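In the working numbering, the protein residues as written are 3 to 364. Notes follow once the structure below has been shown.
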């Protein structure tokens with residue numbers, strides 16, 4: 003090849019790069035605009051649902067706070083103080099204006115601002131879910147790929163049977179079994195009494211994430227303790243997510259392996275490991291989508307696991323608010339999880355469009 007041809011091809015590549023970036027921007031721009039317009043409408047719906055959900059719940063928060071020994075007059079006075087004696091339309095309007103101003107109210111029991119409580123407890127739940135999803139991904143995806151490659155044969159049947167067995171075990175039972183075997187019998191795991199021991203001092207809070215703050219502070223002892231105490235709760239959550247990853251990977255990869263593209267690749271003499279690799283690439287969008295769905299659901303839905311291991315996360319805080327009938331805390335929890343899920347799905351849409359240019363956002 004002549005030098006001028008080489009330079010010409012290089013120039014073409016340099017000109018093509020900005021063009022690809024421009025096309026990608028044209029694909030992503032309208033999507034971002036539509037999602038950003040949709041988020042306020044969806045959030046308003048979440049605010050309305052949270053208000054109606056709590057307003058229709060049975061029970062009296064004032065009686066829950068004062069106890070059954072309180073007199074009727076004391077209960078009536080507290081209801082008036084909390085604004086529970088006002089008509090529902092009036093309470094709804096006040097609540098919407100309060101939330102739109104950034105104020106989620108204060109807890110009926112602790113008096114603490116709900117927004118501050120959410121910021122305090124959410125990082126623990128995010129760290130737990132992220133660690134569980136990483137474990138589930140690196141175990142579930144290979145198992146699903148093996149089942150897809152050996153579809154209908156012994157390995158496939160073994161994987162499907164194992165995944166069906168894991169799905170049949172509820173989270174609380176899996177957690178109790180792990181505690182019994184690894185803590186009580188084998189003494190391989192610490193007691194399920196929280197993220198740190200009684201005498202362990204947490205590092206200075208910079209981000210709110212215990213693991214990140216431990217790394218930033220260079221406190222490797224606390225980091226090791228936190229990771230060690232994360233073993234059982236992470237394993238408990240991961241056991242429920244592994245079958246999901248395996249099933250999605252198996253279904254998508256099986257369809258890819260049966261495609262004409264794979265038949266052509268094999269006819270060209272490509273090794274089987276590369277054929278399987280290209281088939282797995284076709285499964286990445288489905289796996290990524292399911293990962294985001296699980297992430298959004300598990301951050302607020304891991305209350306049982308957090309309570310079982312005294313994790314002190316957002317799920318445990320929300321469950322405690324429901325048990326106490328702490329109306330501002332319940333409403334704040336629902337709004338926080340709704341907004342968090344919307345943001346997760348927004349990021350998911352952007353990543354999927356960037357990874358797969360075939361997707362059109364009609």
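Note that the Cβ used here is the ideal one computed from N, Cα and C, for glycine as well. All figures in this text were calculated on a predicted structure; none of them were measured in a lab.
In the DSSP assignment, residue 108 is bridged to 115. The straight-line gap separating the alpha-carbon atoms of residue 253 and residue 67 is approximately 51 Å.
Contact annotation: the region 245-252 touches the region 128-143, with at least three C-beta pairs closer than 8 Å. Under the DSSP assignment, residue 100 falls in the alpha helix (DSSP H) whose first and last residues are 90-102.
Inter-segment contact for the region 277-285 and the region 253-265 is present: three or more beta-carbon pairs are separated by less than 8 Å. In this structure, the CA atom of residue 125 is about 20 Å from the CA atom of residue 348.
Residue 311 sits close to residue 238, with the two beta carbons spaced by under 9 Å. Secondary structure at residue 207: coil, using DSSP grouped into helix, strand and coil. With fewer than three CB-CB distances shorter than 8 Å, the region 99-108 does not count as touching the region 264-271. Counting of Cβ neighbours within 10 angstroms places residue 274 among the exposed residues, the total staying below 16. Boundaries of the alpha helix (DSSP H) harbouring residue 336: 329-357, taken from the DSSP string. A straight line joining the alpha-carbon of residue 151 with that of residue 242 spans about 23 Å. If you draw a straight line from the Cα of residue 194 to the Cα of residue 34, it comes to about 43 Å. Every alpha helix (DSSP H) stretch that sits fully inside the region 50-88 and reaches 4 residues is listed by chain position as 63-68 and 74-84. Within the same chain, 246, 247 and 250 come within 8 Å of residue 292 by CB-CB distance, once the 5 residues on both sides are set aside. For the pair residue 259 and residue 191, the CB atoms are not nearer than the 9 Å cut-off. Annotated three-state conformation of residue 41 is helix, per DSSP. Put simply, the backbone Cα of residue 165 is about 13 Å away from that of residue 148.
Residue 210 and residue 51 have their C-alpha atoms roughly 29 Å apart.
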